[in-house]
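Student: Protein chains in written order, with our numbering: chain D, 1 to 296; chain C, 297 to 567.
Virtual Cβ for every residue (Gly too), placed ideally from N, Cα, C.
Let me give you the structure first, and then I'll get to my questions.
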Amino acid sequence: MRRYLVIALPYLWLLGLFLVPFLIVLKISLSDLNLSIPPYMPQLDPSAGWEGLKDFFSQLDFENFVFLTEDDLYWKAYLSSLKIAVVATLLTLCVGYPMAYGMARAPSEWRPTLMMLVILPFWTSFLIRVYSWMGILSNEGFLNQFLLWTGLISEPLVIMNTTTAVYIGIVYTYLPFMILPIYSALEKMDDSLLEAAEDLGCSRLQAFWLVTFPLSKSGIIAGCFLVLIPSIGEFVIPSLLGGSDTLMIGKVLWEEFFNNRDWPVASAVAVILLAILVIPIILFQRNEQKQREADG
Amino acid sequence: MRRFSWFNLTSLTLGFAFLYLPMLILVIYSFNESKLVTVWAGFSTKWYGELMQNEAFLDAAWVTLRVAVISSTIATVLGTMAAHVMVRGGRFFGRTLFSGMIYAPLVMPEVITGLSLLLLFIGIGLDRGVLTIVLAHTTFSMCYVSVVVSSRLVSFDKSLEEAALDLGCTPFQAFRLVTLPIIMPAVISGWLLAFTLSLDDLVIASFTAGPSATTLPIKIFSSVRLGVSPEINALSTIMIGIVTVGVITTSIISKRNIARAEADARAAERT
């Protein structure tokens, strides 16, 4: 009896507050905008019985999805979210890999401290970390003050409210997610492999490229997906650091819902976003599975 | 032999400078006299004073704290149950769906989670306020808790539980007397994770909060949108300070526990 309670409680919670809400989104994405409360139709009327149900289903259609494919804005928003997320992920890899490599090479008594320094920002509010860049990147911000002072530039650079600022924001906030899996892959590596490679005539660079890098591949893949998946639907970073030309789908969805109050279109945007995310999520899970099999 | 080269040292120095300089600047400039955030005009703590006078921020902080404590506690109970079911539960109807529902919220974009919950609350006619934020936060953080706890459950010896059952414990007693003490560190870190996620969350709270309840991130976001303000710098500094103290304390405690366990193991070897 108790066993069933232990299963049922989390099960029902997730059914009611995760699966059902998502089915509602799916349903509303097939509905039409209507000037009423709630602002969509058809409404399911349980008192009408079987006829009402049939009537209800006959009114659902894919109009919103057709609308999304016809309006340029949405296509561009999806594509540019993907582009921004991919470029930002690669940039994060370029910053994160040398750090993870340095950590794995550091004297072992340093490592717990370095590890803590990587994790600490993760516990700090995401919003505050994004906000901290606003004072740095603005026209009269610290970066421009510094560059003007060094004489490298004579006019302030416009970085704030551009896509560049969004890249910086993503790299900054998601860096720990990139470093940790790569570090854990590099740390497990057997050093005698490198010695063997060098004994066999590899230069240090060759040894890195032929031994270290392939062995850290699973960490790189895991890190890249951990950065890529959340950045596609990112909202906070583009809305604080990005400008009007930075199109990201998370922001479009937000505005569609809160500013235009078009719930059906917002729901359709959400459904397509999820469909796009399914591919990287499956690839990520496959990588994790392979990793577990290799470990165990 | 691992060689720690100049290249390694440089990349670590630059990398950590990148991670910490923005926050350091934020902290330093929260003590700035001037209203202009990028011009230094002398040391002052007046923004902290003004923050303490700001009723709206204090109210929001109180709401946020209440939501975080309640939701992370419920999430820890549900998440631990879910982890136990996943690791020890054996087969039951709809197991695949259950595990899918635990992992899906981890990768779901926040805007979608928020939107779907809001549509549910409106659909069932629930007024938005503290209750709806608690429900929303509990739902996504219980999944994180269950991942943390189940990784601990997987790694510990099942025969301990079986021994307790053989010795006449009911399954619940076996869980309370044997399993729970062993997985306690994971349960505590699960709670801390849930608590932090709840404190941090802006997007889901924005969808599920009503006019009667505003959380701190919502408040910060709406004022930060207009630009940098010294008051927000002061608030950020307080939050960064709390997190830093918390993380350092827990790492010292866990280091001490590990050292003690090692000492115990050595003592046991000697006897």
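1. Under a CB-based cut-off of 8 Å, is Met-297/C close to chain D?
2. Which residues in chain C sit within 8 Å of Met-178/D, going by Cβ to Cβ distance?
3. What is the C-beta distance between Met-134/D and Val-524/C, in whole angstroms, given that I count them as a contact (C-beta under 8 Å)?
4. Please return the same chain residues whose Cβ sits closer than 7 Å to the Cβ of Thr-475/C, not counting the five positions on each side in sequence.
5. Please decide whether Phe-80/D counts as near chain C, where near means a Cβ-Cβ distance under 8 Å.
6. Quick check: the Cα distance between Arg-204/D and Glu-198/D, rounded to an integer number of angstroms?
7. Please check the pair Thr-376/C and Val-483/C, which I expect to be a contact at CB under 8 Å, by giving their CB distance rounded to whole angstroms.
8. Please confirm if Glu-457/C has its CB atom under 8 Å from at least one CB of chain D.
9. What span of residues does the alpha helix (DSSP H) with Val-333/C cover, start to end?
10. Looking only at DSSP bridge pairs, what is Leu-33/D linked to?
11. Compute the minimum distance between the beta carbon of Trp-123/D and the heavy atoms of the ligand ATP, and state whether it is under 7 Å.
12. Under 8 Å Cβ-Cβ, which residues of chain C neighbour Thr-92/D?
13. Tell me the DSSP secondary structure of Met-297/C in three-state form.
14. Compare the C-beta of Glu-140/D with all C-beta atoms of chain C and state if any pair is closer than 8 Å.
15. So, with DSSP's three-state summary, where would you put Asp-295/D?
16. Would DSSP call Met-248/D helix, strand or coil?
17. Is the distance from the Cβ of Ala-490/C to the Cβ of Thr-372/C below 8 Å?
18. Are the CB atoms of Pro-401/C and Phe-258/D within a distance shorter than 8 Å?
19. Taking C-beta to C-beta, are Leu-175/D and Leu-315/C nearer than 8 Å?
20. Give me the Cα-Cα distance between Phe-65/D and Asp-71/D, rounded to the nearest whole angstrom.
21. For the alpha helix (DSSP H) that contains Trp-487/C, what are its first and last residues?
22. Quick one: which chain C residues come within Cβ less than 8 Å of Gln-145/D?
23. Please check the pair Ile-429/C and Thr-504/C, which I expect to be a contact at CB under 8 Å, by giving their CB distance rounded to whole angstroms.
24. Taking 7 Å as the limit between beta carbons, can you name the residues of its chain near Phe-126/D, skipping five residues before and five after?
25. Between which two residues does the alpha helix (DSSP H) harbouring Lys-188/D extend?
26. Just checking my contact of Leu-240/D with Tyr-167/D at CB under 8 Å: how many whole Å lie between their CB atoms?
27. Can you tell me whether Phe-452/C is helix, strand or coil according to DSSP?
Tutor: Walking through what the data contain:
1. Taking the second sequence and counting its residues from 1, one reaches residue 297/C at position 1. Reliability fails at Met-297/C, whose pLDDT of 46 lies under 50, so the model's placement of it is uncertain and the value that follows must be treated cautiously. Met-297/C counts as touching chain D.
2. On the first sequence, residue 178/D is found 178 positions in, with the first residue counted as 1. Those do not exist, as Met-178/D stays about 11 Å from chain C at its closest Cβ, beyond 8 Å.
3. As a first step, residue 134/D is located in the first sequence; it is residue number 134 there, counting from the start. As a first step, residue 524/C is located in the second sequence; it is residue number 228 there, counting from the start. Met-134/D to Val-524/C, Cβ: 5 Å. Contact.
4. Residue 475/C sits at position 179 when you count from the first residue of the second sequence. The beta carbon of Thr-475/C is closer than 7 Å to those of Glu-457 in its chain, skipping five residues each way along the sequence.
5. Translated into positions along the first sequence, residue 80/D becomes position 80. This sequence places Ser at residue 80/D; Phe is not what is there. No - not a single Cβ of chain C is within 8 Å of the one on Ser-80/D.
6. As a working mapping, residue 204/D is identified with position 204 in the first sequence. As a working mapping, residue 198/D is identified with position 198 in the first sequence. Using only the alpha carbons, I get a separation of about 7 Å.
7. Stepping through the second sequence from its first residue, residue 376/C is reached at position 80. Stepping through the second sequence from its first residue, residue 483/C is reached at position 187. Confirmed, about 6 Å.
8. For the purposes of this step, residue 457/C is taken as the residue at position 161 of the second sequence. Chain D, which has no Cβ nearer than 8 Å to the Cβ of Glu-457/C, makes this no.
9. Along the second sequence, one-based indexing puts residue 333/C at 37. Secondary structure note for Val-333/C: it is in no alpha helix (DSSP H), with a DSSP letter that is neither H nor E.
10. The residue given as residue 33/D occupies position 33 in the first sequence. Leu-33/D pairs with Tyr-40/D.
11. Looking at this structure, you won't find the ligand ATP or any other ligand, since it has none at all.
12. Taking the first residue of the first sequence as position 1, residue 92/D is located at position 92. Near Thr-92/D there are no residues of chain C at all, since even the closest Cβ is about 11 Å away, more than 8 Å.
13. As a working mapping, residue 297/C is identified with position 1 in the second sequence. For Met-297/C, the pLDDT reaches just 46, beneath the cut-off of 50, and the residue's location in the model is therefore unreliable, leaving the point undetermined.
14. If you number the first sequence from 1, residue 140/D lands on position 140. Interface residue, yes.
15. The sequence position of residue 295/D within the first sequence is 295, counting from 1. Asp-295/D: helix per DSSP, three-state reduction.
16. Looking up residue 248/D in the first sequence gives position 248. Met-248/D carries a coil assignment under DSSP once its states are collapsed to helix, strand and coil.
17. As a working mapping, residue 490/C is identified with position 194 in the second sequence. As a working mapping, residue 372/C is identified with position 76 in the second sequence. Here Ala-490/C is near Thr-372/C, since their CB atoms are less than 8 Å apart.
18. Reading the first sequence from its first residue, position 258 is the one you call residue 258/D. Reading the second sequence from its first residue, position 105 is the one you call residue 401/C. No, they are not a contact pair.
19. Looking up residue 175/D in the first sequence gives position 175. Looking up residue 315/C in the second sequence gives position 19. Yes.
20. Here residue 65/D is taken as the residue at index 65 of the first sequence, counted from 1. Here residue 71/D is taken as the residue at index 71 of the first sequence, counted from 1. One Cα belongs to Phe-65/D, the other to Asp-71/D, and the distance between them is close to 10 Å.
21. Position 191 of the second sequence, counted from the first residue, corresponds to residue 487/C. In this chain, the alpha helix (DSSP H) harbouring Trp-487/C covers 476–496.
22. What you label residue 145/D is simply residue 145 of the first sequence in a count that begins at 1. Chain C residues near Gln-145/D: Thr-334.
23. Here residue 429/C corresponds to residue number 133 of the second sequence, with the count starting at 1. Here residue 504/C corresponds to residue number 208 of the second sequence, with the count starting at 1. Yes, Ile-429/C and Thr-504/C are in contact; Cβ-Cβ is about 5 Å, under 8 Å.
24. Walking along the first sequence from the start, residue 126/D turns up at place 126. Beyond the five residues adjoining it in sequence on each side, Phe-126/D comes within less than 7 Å, by CB distance, of Thr-173, Val-236 in the same chain, given in chain order.
25. On the first sequence, residue 188/D is found 188 positions in, with the first residue counted as 1. Counted as a single uninterrupted DSSP element, the stretch harbouring Lys-188/D is not any alpha helix (DSSP H), since DSSP gives it neither H nor E.
26. Residue 240/D sits at position 240 when you count from the first residue of the first sequence. Residue 167/D sits at position 167 when you count from the first residue of the first sequence. At roughly 14 Å, the Cβ-Cβ gap does not stay under 8 Å, so Leu-240/D and Tyr-167/D are not in contact.
27. Along the second sequence, one-based indexing puts residue 452/C at 156. Note: Phe-452/C maps to coil in three-state DSSP.
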